[in-house]
Structures are given as C-alpha cells and as structure tokens.
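Q: Taking the working numbering, the leading residue of the sequence shown gets 144, the next gets one more, and so forth. What follows is a single structure, and I will ask about it in a moment.
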Amino acid sequence: MRRRIVGLAVGLVFVFALIIDLLHFYRESGHVVRLSTDRLRAIVVTAAAAIDGDAHAELNGCLDRRCPNYEKLSRYLKTVQDANGLATEIYTLQKVGIRTRFIIRTNQDWEIGLPYKLRPEMEPVFDRGEVVTTGVYGDMFGQWVSAYAPIRDSLGRVVALLEADYRVQQVLDQLWRELLEFLLFTWVGLTVTFLLARRLSTRLAQPLQELTAAVDAAAAGDNERELPKDAPDEIGRLARHFGVMREAIQRARMNERLAVVGQMAGSLVHDLRGPIQVISGNAELLPGEEEPQERAKMATRIVEQGRRMEAMCQDVLEFTRGRHTLAFSSFAASSLVDDVLADLAPVAARRAVRLARGPTSEQQVSGDADKLRRVLYNLGKNAIEAVGSGKTVELGCSVEAERWKLTVRDEGPGIPPEVAERLFQPFATHGKSGGTGLGLAIVKSVADAHGGSVRFETAAGSGTTFSVELPRAPAAPSPKPAAG
Ligand SMILES: Nc1ncnc2c1ncn2[C@@H]1O[C@H](COP(=O)(O)OP(=O)(O)OP(=O)(O)O)[C@@H](O)[C@H]1O
Ligand SMILES: [Mg+2]
C-alpha cells in the first residue's frame with residue numbers, strides 16, 4: 144500500500160513535469176526562433192560591414208573562384224560561418240534585374256554566377272540598404288529564417304546582399320532534444336528518489352513493524368518474540384529499552400509468582416492440618432471400633448478428607464499455573480447449598496452464628512461441583528467471619544432459563560470502600576489475623592473459568608450479599624488467569 148502511494152506520487156510528479164515541459168516548449172519555441180533571428184541579424188550586419196565592398200564589387204559578373212579577391216572574401220565568410228557555428232552556408236547575392244545571382248558561396252563553388260530568385264524581403268536591402276530578417280518561411284528544403292544585410296562599396300552604394308540562414312527545424316530539434324534530456328533526467332531522478340525512499344522506508348518501517356509485533360505479543364503474554372536487530376538509531380534504542388523492560392517485567396512476574404507460591408504453601412499447610420487431624424483421629428480409632436457401621440463411617444470420613452486434601456493441592460497447583468481445569472457434571476443447584484451448609488456448620492457454631500438456608504431451587508444445573516462448593520464455602524466463611532455472634536448468614540440459589548445464581552447474604556458490618564476496591568485481588572485481606580486474602584481471588588477465578596461473574600452489594604452496618612452468576616450449560620473452554 145505504502146509503495147503504491149509512493150509510486151503514484153512519483154508518477155504524478157512525472158506527469159506534472161511533462162506538462163510543464165510541453166508548455167515551456169510551446170512558449171519557448173517562438174522565443175527561440177526570435178532569438179535565432181536576432182543572432183542571424185547580428186552575424187550578417189557584422190560580417191557585411193567587415194567585407195571590402197569595392198573588392199566585392201569587382202566580383203560582380205564573376206563566374207568562378209579564380210576571379211581576383213574571390214578566395215580572400217570567401218575565406219573570410221567561411222570563417223564567419225564556422226565561428227558562429229552555422230550549419231548552412233553564407234552567401235552573397237548581386238541583383239540583376241528582377242532576379243539575383245550568387246557571387247560568393249561558402250559551400251558550393253560551382254553555383255557561382257547562377258541566378259537565384261529575388262525574394263520580396265530582399266528588395267529593401269538592395270534599394271535602401273536596410274537590414275532585413277524574415278519570419279519563418281518554407282521551401283522544398285524545409286523551414287527557414289533568414290537575415291540579409293547590404294554590402295556597400297567605399298562610396299556607400301549597395302553592391303551586394305549578404306545572406307545567412309537557420310533551418311528552423313534544427314532549432315526546434317535542439318529544443319526537443321533538450322526537452323527529452325530534461326524529461327530523461329527527471330525520470331531518472333524520480334526513479335532514483337523512489338528507490339531510495341522505498342529503501343529508506345523499508346529500513347525504517349521493517350524494524351518498527353517487528354517492534355510493534357513484539358509489543359503486541361508481549362501484551363498477549365508472549366515474551367519470546369524476537370526484537371529487531373540492527374535497527375536505525377531511535378528505533379534500535381527503543382527496541383533495546385523495550386527488551387530490557389520486558390526482561391524486568393518477566394523477572395518481576397517470576398518473583399511475584401514465587402511469592403504467591405510461598406504464601407499459598409503457607410496457607411495450604413495451615414488448611415491441611417484440619418483434614419490431617421480428622422484422618423489421623425479416625426485412623427487411630429478404627430482398629431478398636433467393633434461396630435461395623437461406625438467403622439464404615441470412619442473409613443468414609445478418611446476417604447473424604449483424603450479427597451479434600453487432594454483437591455486443595457490441585458487448587459494450589461492450578462492457581463500457581465494460572466488456570467483451572469473444570470470437571471463438569473450435572474447436579475441439583477440446592478444440593479450444592481446443602482453440602483456447603485453442612486461443611487460450614489461447625490465454623491458457624493464456633494462463632495455462634497446462625498446459618499440459614501435461603502430460597503433454593505431443585506433444578507438441574509451444570510458446573511464443576513467441587514470447585515463451586517469451594518466458592519460457596521469461601522463466601523459463607525467470609526460472611527461468618529464478618530458477622531457478630533447471634534447474626535444470620537443465609538445461603539441460597541436460584542435458577543433461570545439460561546443462568547443460575549449462588550447467593551450468600553449476611554447481616555455483618557458491610558465491606559469498607561478501601562477494601563471493596565481490591566476485594567478480588569490476591570492477598571487483599573482486611574481485619575483478619577489469619578486471612579491470606581486468597582478466598583475471593585479463588586471465587587472470582589472459578590466463576591471466570593465457568594464463564595460467569597461475581598457481584599456484591601454492601602451497606603455499612605446492615606450487611607453484604609455476594610452473588611455468583613453462572614451459565615446453566617458448560618461455557619466454551621477458555622483458560623483464564625486464576626486471579627488478579
Ligand atoms: N461478607 C463480608 N463482609 C465483610 N467483609 C468481607 C466479606 N467478605 C470478604 N470481606 C473482606 O474481604 C477481605 C478479602 O476476603 P478474602 O476471602 O479474599 O480473604 P480473607 O478472608 O481475608 O482470607 P482467607 O479467605 O484466605 O481466609 C476480607 O479480609 C474481608 O475484610
Ligand atoms: Mg476469605
């Protein structure tokens with residue numbers, strides 16, 4: 144595209160130059176003919192004045208070059224012809240009645256004495272001794288301009304006429320040649336300019352395109368894209384600075400991720416203590432338990448807690464890798480609420496918080512049940528931690544045609560605005576001694592992975608409601624960042 148525009152511009156400049164040239168030619172051609180005529184006039188006037196008129200008069204009636212003075216005069220005229228670069232010969236004419244005849248010819252000696260026509264413009268020269276220049280006239284040999292000057296003897300009488308001519312075509316041909324040369328130079332100049340401009344723009348544009356591609360790739364998370372090498376000054380410097388910046392960002396990201404891993408490892412160890420205690424307690428009691436039903440319950444608890452630990456480890460792994468793998472299944476929305484109410488019961492009991500089952504729907508929905516249970520658990524736990532004893536936390540769900548929703552409502556103090564701004568960022572914790580600040584980050588990343596969203600409404604002193612809205616059918620798989 145860029146090349147086409149440059150090419151078009153060069154073409155337009157050339158056409159413009161051509162038009163200017165043609166106009167110039169038509170204006171100049173008349174001017175040049177005039178200039179040529181003036182020059183011819185100066186030549187004949189000067190040459191005629193320098194000729195010895197008496198010597199010339201002696202040649203009247205002479206029929207060949209052996210006449211006295213012929214050689215001398217004709218050599219002189221030949222010198223004038225050569226000195227002025229005249230392509231056609233100079234000659235002198237004598238008037239004989241209604242005709243003239245050649246006296247001296249600088250080129251064709253054999254025509255000496257032969258008759259020649261008397262052009263009307265010659266008469267004032269013979270009659271009154273005037274100097275005359277013709278306009279452009281044509282004959283069988285071409286287009287001409289001529290100048291005539293009188294040759295006078297020592298008494299001032301006109302004894303002959305000196306004529307010099309220009310072939311007009313020659314003048315115009317010269318002009319054309321100059322025009323074509325000019326056009327050729329214009330064309331060569333423009334072509335060279337075009338090639339240079341193209342080379343220069345490629346030299347500038349290519350590294351710029353590579354740099355732009357690398358910046359776009361970095362914005363999309365690909366930091367491996369090669370940066371332009373050997374780019375000219377500013378672009379090269381920009382590319383180098385961008386490379387340094389990209390490395391710094393990569394290092395910072397790595398450090399950030401390592402810090403997250405460290406913090407998550409801490410929280411994981413903390414969270415794993417609960418299931419480990421359940422497993423070891425049940426495992427200790429199991430050998431002494433004789434009641435088969437109790438034994439089965441203990442074994443089930445051990446297996447469940449083992450699964451929970453596995454799921455927690457998996458979560459940490461996925462979070463650090465920045466993606467979620469979802470295991471979709473179909474289940475009744477209310478079953479999720481019931482499961483989480485049961486899980487949260489001991490937490491609520493410890494804080495004397497009333498746990499309630501809000502409106503629920505039995506309709507089938509689909510999603511990763513384990514992860515969504517964790518979502519509801521995190522929201523419920525936050526609510527229990529926020530409200531004082533004696534207050535209520537309500538978990539519920541609703542199902543519509545396309546979407547369904549999990550809701551956690553509490554009667555707590557509400558979320559302060561300074562916390563609300565960065566609520567879903569990892570490690571955004573406020574007012575808790577043991578909080579990691581990962582709970583809501585996980586909630587958001589799970590909701591995002593399902594193609595859903597998290598929202599909350601809060602009012603200082605009267606409580607907060609979190610709702611997670613999800614599509615009823617599995618969303619098209621799209622790995623999303625875990626948090627932040
Ligand atoms: N229902 C709520 N009412 C009031 N504040 C809340 C509520 N839910 C969350 N918050 C505030 O949001 C902060 C972030 O919650 P988040 O679950 O991400 O981390 P955390 O609860 O502090 O730590 P963790 O979940 O790892 O124990 C909490 O520290 C708390 O200050
Ligand atoms: Mg929390």
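Glycine included, every Cβ here is placed at the ideal spot set by N, Cα and C.
Using three-state DSSP, classify Cys540 as helix, strand or coil.
A: Cys540: strand per DSSP, three-state reduction.
Q: With ligand 2 as the reference, list in chain order each residue whose Cβ lies under 5 Å from any of its heavy atoms.
A: With the cut-off at 5 Å, the residues found are Asn525 and Gly582.
Q: Just to confirm my understanding: we take Lys623, look at its own chain, exclude 5 residues before and 5 after, and list those with CB closer than 6 Å. What are they?
A: Reliability of the predicted coordinates at Lys623 is poor, the pLDDT of 44 falling under 50, and the value obtained from them is presented with this limitation in mind. Excluding residues within five positions, the ones whose Cβ falls inside 6 Å are Asp591 and Ala592.
Q: Mind checking Gly173: buried by the 16 CB within 10 Å criterion, or exposed?
A: Result: exposed.
Q: Go through the segment 453-517 residue by residue and report every complete run of the alpha helix (DSSP H) that reaches 4 residues or more, in order.
A: Fully enclosed alpha helix (DSSP H) runs of 4 or longer: 476-494.
Q: Determine the direct distance from the alpha carbon of Ala292 to that of Val275, and round the result to whole angstroms.
A: Going by the C-alpha atoms only, they are around 7 Å apart.
Q: Taking DSSP as the reference, what is the three-state secondary structure of Ser532?
A: If DSSP states are grouped into helix, strand and coil, Ser532 belongs with coil.
Q: What three-state label does DSSP hand Asp207 in the structure shown?
A: If DSSP states are grouped into helix, strand and coil, Asp207 belongs with coil.
Q: Taking DSSP as the reference, what is the three-state secondary structure of Ala626?
A: Reliability fails at Ala626, whose pLDDT of 39 lies under 50, so the model's placement of it is uncertain and the value that follows must be treated cautiously. Correct three-state label for Ala626: coil.
Q: Where does Leu613 sit, in a helix, a strand or coil, going by DSSP?
A: Looking at Leu613 - three-state DSSP - the assignment turns out to be strand.
Q: In chain order, what residues of the same chain lie with their CB nearer than 8 Å to the CB of Ser596, ignoring the 5 residues before and after it?
A: Cβ neighbours of Ser596 beyond the five flanking positions: Ala590, Val611 and Glu612.
Q: Quick one, which of Thr336, Leu339, Lys372 and Leu333 has its alpha-carbon nearest Gln123's?
A: As shown, the chain starts at 144 and ends at 627. That puts residue 123 outside it, with no answer to give.
Q: Using three-state DSSP, classify Leu370 as helix, strand or coil.
A: In this structure, Leu370 counts as coil in the three-state DSSP scheme.
Q: State the Cα-Cα distance for the pair Phe337 and Ile148, rounded to the nearest angstrom.
A: Going from the Cα of Phe337 to the Cα of Ile148 covers about 11 Å.
Q: If you draw a straight line from the C-alpha of Ser504 to the C-alpha of Glu545, how long is it?
A: In a straight line, the C-alpha of Ser504 is about 14 Å away from that of Glu545.
Q: Alpha carbon to alpha carbon, how far is Leu323 from Gln317? Give it in angstroms, no decimals.
A: Straight-line Cα distance between these residues: approximately 10 Å.
Q: Rounded to the nearest angstrom, what separates Val188 and Arg248 at their Cα positions?
A: Those two C-alpha atoms are separated by around 17 Å.
Q: So Leu236 and Leu304 are supposed to be a Cβ contact under 8 Å. How far apart are they, rounded?
A: Leu236 to Leu304, Cβ: 5 Å. Contact.
Q: State the Cα-Cα distance for the pair Ile422 and Glu433, rounded to the nearest angstrom.
A: One C-alpha to the other measures close to 18 Å.
Q: What are the boundary residues of the beta strand (DSSP E) that Ser344 is part of?
A: That residue, Ser344, is in no beta strand (DSSP E); its alpha helix (DSSP H) goes Val311 to Ala362.
Q: Give the secondary structure of Gln224 by DSSP, where H, G and I count as helix, E and B as strand, and everything else as coil.
A: If DSSP states are grouped into helix, strand and coil, Gln224 belongs with the helices.
Q: Quick one: what's Glu264 bridged to in DSSP?
A: None, per the DSSP bridge assignment.
Q: For my contact list, Leu645 and Ala526 are in at a C-beta cut-off of 8 Å; report their separation, rounded to the angstrom.
A: Past the boundaries of the shown model lies residue 645; the chain is included only from 144 to 627, so the question cannot be answered.
Q: Could you tell me which whole beta strand (DSSP E) segments of length 3 or greater appear in the segment 265-302?
A: Complete beta strand (DSSP E) runs here, min 3: 280-282 and 285-295.
Q: Check whether the segment 203-222 touches the segment 335-349, taking contact to mean three or more Cβ pairs, one atom from each stretch, closer than 8 Å.
A: Output reads no: the segment 335-349 does not touch the segment 203-222.
Q: Compare the beta carbon distance of Val646 and Val496 with 7 Å and say whether it is the shorter of the two.
A: Since the first residue of the chain shown is 144 and the last is 627, residue 646 is not available in this structure.
Q: Taking all protein chains shown into account, decide if Lys587 is buried (16 or more other Cβ within 10 angstroms of its Cβ) or exposed.
A: Result: buried.
Q: If we count the other Cβ atoms within 10 Å of its Cβ and call it buried at 16 or more, is Glu306 buried or exposed?
A: Flag for Glu306 reads buried.
Q: For Asp308, which residues from the same chain have a beta carbon less than 6 Å from its beta carbon, with the 5 sequence-adjacent residues on both sides left out?
A: Cβ within range, chain order: Thr231, Trp287 and Ser289.
Q: Might you give, ordered along the chain, the residues of its own chain that have their beta carbon closer than 7 Å to the beta carbon of Leu223, omitting 5 neighbours on each side?
A: Note that residue 223 corresponds to Val in the displayed sequence, not to Leu. Ile186, Ala190 and Ile233.
Q: Given this structure, state the Cα-to-Cα distance separating Leu155 from Ala192, to the nearest angstrom.
A: Rounded to the nearest angstrom, the two C-alpha atoms are 54 Å apart.
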